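Just add 18 to the spot in the sequence shown (first one is 1) and you have the working numbering. Shown next, in structure tokens, is the structure this report addresses.
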Amino acid sequence: MLLLLPLLLSSTLVTAAPHYARDRKIKTHVEVVTATVYVTAYETAQPVPTPPAEVVYEAGNAKSVAAYVPPQPEPTVASLASLPATGNGPAPASDKDQVSSKNAEGSSLPRMSSGEVDAIYKTCWNGQIKWPLPGTPNPVVDEVTPQLSIFPLPSTKPDTLIVHNYCSYDIYFNHFNGAHSLETGHIAGGASIERPLSGTVLKASKTADMAKDVLIEYAVAGDGVLYYDLSLITCLGQTGGLDNGDLSACAGHEAGLQLGNANSKSFQCAAGAWCDDQAYLYHENLCKKQNPVSSCSPSNGLTMEFCAGAKH
């Protein structure tokens, strides 16, 4: 494995920040897939053939047509910092998006003590992981999380990624397969898209500049197994250069998120909850042994629900 990694990862990825190397640590037996996930999420998108002028989004029997937005290079920290202030923040949520939940703590598991966290984070990535983080709770204990029942389990289609936007606002997305951008567009509120499970990550944001995005990370490995997880790290707020507990920029989080299928694990993040046993919220997950990653056959399909608590 150690001999193969230099062949699979670019120099940019080898020196990437710890969060970018998360899947390499977890999925060490899926060499090619791991490299693909990294390039997908953090490298510049490559040109793709000219797409049709319109993209059709479907929700039930209804269809809406939106203009296709051509792929753009991934924004860098420097380029985002240089953008002029426009006053246009994330799309506001309507009243129907504000779904209360008795699971507001975000997990069925208790949380670690400060002493327990200190014992793991100081050895995680040679002490490079920043801790404590402003406004964030301690992670849940390092145990397997049972299937939650906050939302009804999603329906799926074999070998298909379905993305439902149950929010009242549009969600912008970039869909990647390795270093190549498959598609850039948006999903209208109440609409959905279906795509083959041939990509590796779909990044979703409340804003067109994709400055804060939710990552739907997935890949079909060489042995035919589908691996998937949900990461909210890149949509967290910042305080003094550190991630904080502000999840308001994460698309659909205010009314709950769900990723999975009914036959294996379905990750469920309650409305407004800090759900670190269901999604990545700490870099490297602080090197815990149990991580919010699941696997199954691609025939089970994979469905993502934004504002899951608002679906009817």
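Ideal Cβ placement from N, Cα and C applies to all residues, glycine included. Fair warning: this is a prediction, and the values are worked out from it, not measured in the lab.
Subject >> Residue closest to Leu260, alpha-carbon to alpha-carbon, out of Gly153, Leu277, Asn144 and Ala206 >> reply: Numbered from 1 along the sequence shown, position 242 holds the residue referred to as residue 260. Ranking the options by Cα distance to Leu260, first place goes to Gly153.
**OP:** Could you spell out the range, first to last residue, of the beta strand (DSSP E) harbouring Ala222?
**Re:** Numbered from its first residue, the sequence shown carries residue 222 at position 204. Judged by DSSP secondary structure, Ala222 falls within the beta strand (DSSP E) whose first and last residues are Val219 to Ser223.
**OP:** If I'm right that Gln286 touches Leu166 with Cβ under 8 Å, what's the distance once you round it to whole angstroms?
**Re:** Numbered from 1 along the sequence shown, position 268 holds the residue referred to as residue 286. Numbered from 1 along the sequence shown, position 148 holds the residue referred to as residue 166. Yes, Gln286 and Leu166 are in contact; Cβ-Cβ is about 4 Å, under 8 Å.
Original post:
If you draw a straight line from the alpha carbon of Trp149 to that of Lys221, how long is it in whole angstroms?
Top reply: Position 131 of the sequence shown holds residue 149. Position 203 of the sequence shown holds residue 221. Distance between the alpha carbons of Trp149 and Lys221: 26 Å.
Subject >> Buried/exposed call for Asp247, threshold 16 Cβ in 10 Å >> reply: For the purposes of this step, residue 247 is taken as residue 229 along the sequence shown, with counting starting at 1. Flag for Asp247 reads buried.
Original post:
Just checking, does the stretch 202-218 make contact with the stretch 294-312 on the three C-beta pairs under 8 Å criterion?
Top reply: no
Original post:
Comparing alpha-carbon positions, which option in Phe169, Ala206 and Ser317 lies nearest Val238?
Top reply: Against the sequence shown, residue 238 aligns to sequence position 220. Taking only the C-alpha atoms, the option nearest Val238 is Ser317.
Original post:
Which one of Tyr190, Ser315 and Asp295 has the shortest CA to CA distance from Leu127?
Top reply: Here residue 127 is taken as the residue at index 109 of the sequence shown, counted from 1. When each option's Cα is compared against that of Leu127, the closest is Asp295.
Original post:
Quick one: what does DSSP say Asn309 is sitting in, helix, strand or coil?
Top reply: Start at 1 with the first residue of the sequence shown, and residue 309 comes out as number 291. Note: Asn309 maps to coil in three-state DSSP.
Original post:
Lys175: which of Gly196, Gly327 and Leu320 sits nearest, CA to CA?
Top reply: Here the question's residue 175 lines up with position 157 in the sequence shown. Out of Gly196, Gly327 and Leu320, Leu320 has the C-alpha closest to the C-alpha of Lys175.
**OP:** Taking 7 Å as the cut-off, decide whether the C-beta atoms of Gly274 and Ala326 are in contact.
**Re:** Taking the first residue of the sequence shown as 1, we reach residue 274 at position 256. Taking the first residue of the sequence shown as 1, we reach residue 326 at position 308. In this structure, Ala326 lies closer than 7 Å to Gly274 by Cβ.
Subject >> For Asp227, the first and last residue of its enclosing alpha helix (DSSP H) >> reply: The residue labelled residue 227 in the question sits at position 209 within the sequence shown. First-last for Asp227: undefined, no H or E at that position.
Original post:
According to the Cβ coordinates, are Pro172 and Glu323 closer than 7 Å?
Top reply: Against the sequence shown, residue 172 aligns to sequence position 154. Against the sequence shown, residue 323 aligns to sequence position 305. In this structure, Glu323 lies closer than 7 Å to Pro172 by Cβ.
Original post:
What three-state label does DSSP hand Pro214 in the structure shown?
Top reply: The residue you call residue 214 lines up with position 196 of the sequence shown. Pro214: strand per DSSP, three-state reduction.
Original post:
Tell me, which residues are paired with Val232 by DSSP?
Top reply: Start at 1 with the first residue of the sequence shown, and residue 232 comes out as number 214. DSSP lists Ala222 as partners of Val232.
Original post:
Between Ala288 and Ile180, is the Cβ-Cβ spacing less than 7 Å?
Top reply: One-based indexing of the sequence shown puts residue 288 at position 270. One-based indexing of the sequence shown puts residue 180 at position 162. Contact flag unset, no.
Original post:
Since Phe194 contacts Gly203 with CB under 8 Å, what's their CB separation in whole angstroms?
Top reply: Residue 194 sits at position 176 when you count from the first residue of the sequence shown. Residue 203 sits at position 185 when you count from the first residue of the sequence shown. With a Cβ gap of about 13 Å, Phe194 and Gly203 do not count as contacting.
Original post:
When the distance is taken between beta carbons, is Ser313 closer than 7 Å to Val232?
Top reply: Numbered from 1 along the sequence shown, position 214 holds the residue referred to as residue 232. Numbered from 1 along the sequence shown, position 295 holds the residue referred to as residue 313. Contact: no.
**OP:** Identify whether Leu304 lies in helix, strand or coil by the three-state DSSP scheme.
**Re:** Counting from 1 along the sequence shown, the entry for residue 304 is found at position 286. Correct three-state label for Leu304: helix.
Original post:
What is the rounded straight-line gap between the Cα of Ala137 and the Cα of Glu302?
Top reply: Translated into the one-based positions of the sequence shown, residue 137 becomes position 119. Translated into the one-based positions of the sequence shown, residue 302 becomes position 284. Taking the straight line joining both Cα atoms gives about 15 Å.
**OP:** Drop a sphere of 10 angstroms on the beta-carbon of Lys140, count the other beta-carbons inside from all chains shown, and report buried for 16 or more, exposed for fewer.
**Re:** Counting from one through the sequence shown, the residue named residue 140 turns up at place 122. With fewer than 16 Cβ atoms within 10 Å of its Cβ, Lys140 is classed as exposed.
Subject >> Simplified DSSP state of Val159, which is helix, strand or coil >> reply: As a first step, residue 159 is located in the sequence shown; it is residue number 141 there, counting from the start. For Val159, the three-state secondary structure derived from DSSP is coil.
**OP:** Kindly identify the DSSP beta-bridge partner or partners of Thr321.
**Re:** Within the sequence shown, residue 321 is the residue found at index 303, counting from 1. Bridge partners of Thr321: Ile180 and Gly278.
**OP:** Would you kindly work out how many angstroms separate the C-alpha atoms of Gly255 and Asp264, rounded to a whole number?
**Re:** Position 237 of the sequence shown, counted from the first residue, corresponds to residue 255. Position 246 of the sequence shown, counted from the first residue, corresponds to residue 264. About 5 Å.
Original post:
Which residues share a DSSP beta bridge with Val203?
Top reply: Position 185 of the sequence shown holds residue 203. According to the sequence displayed, residue 203 carries Gly and not Val. Note: Gly203 sits in a beta bridge opposite Phe191.
Original post:
Between Pro170, His182, Ala297 and Gly196, which lies nearest to Ser249 when the distance is taken from Cα to Cα?
Top reply: Within the sequence shown, the letter at position 231 stands for residue 249. It is Ala297.
Original post:
Would you report the Cα separation of Asn144 and Ser131, rounded to the nearest angstrom?
Top reply: Within the sequence shown, numbered from 1, the residue matching residue 144 stands at position 126. Within the sequence shown, numbered from 1, the residue matching residue 131 stands at position 113. In a straight line, the C-alpha of Asn144 is about 21 Å away from that of Ser131.
**OP:** Within 10 angstroms of the Cβ of Ala267, are there 16 or more other Cβ atoms? Answer buried if so, exposed if not.
**Re:** Taking the first residue of the sequence shown as position 1, residue 267 is located at position 249. Buried, since its Cβ has 16 or more Cβ neighbours within 10 Å.
Original post:
Grouping DSSP H, G and I as helix and E and B as strand, with all else coil, what is Thr1?
Top reply: No statement about residue 1 is possible, as the shown extent of the chain runs from 19 to 330 and does not include it.
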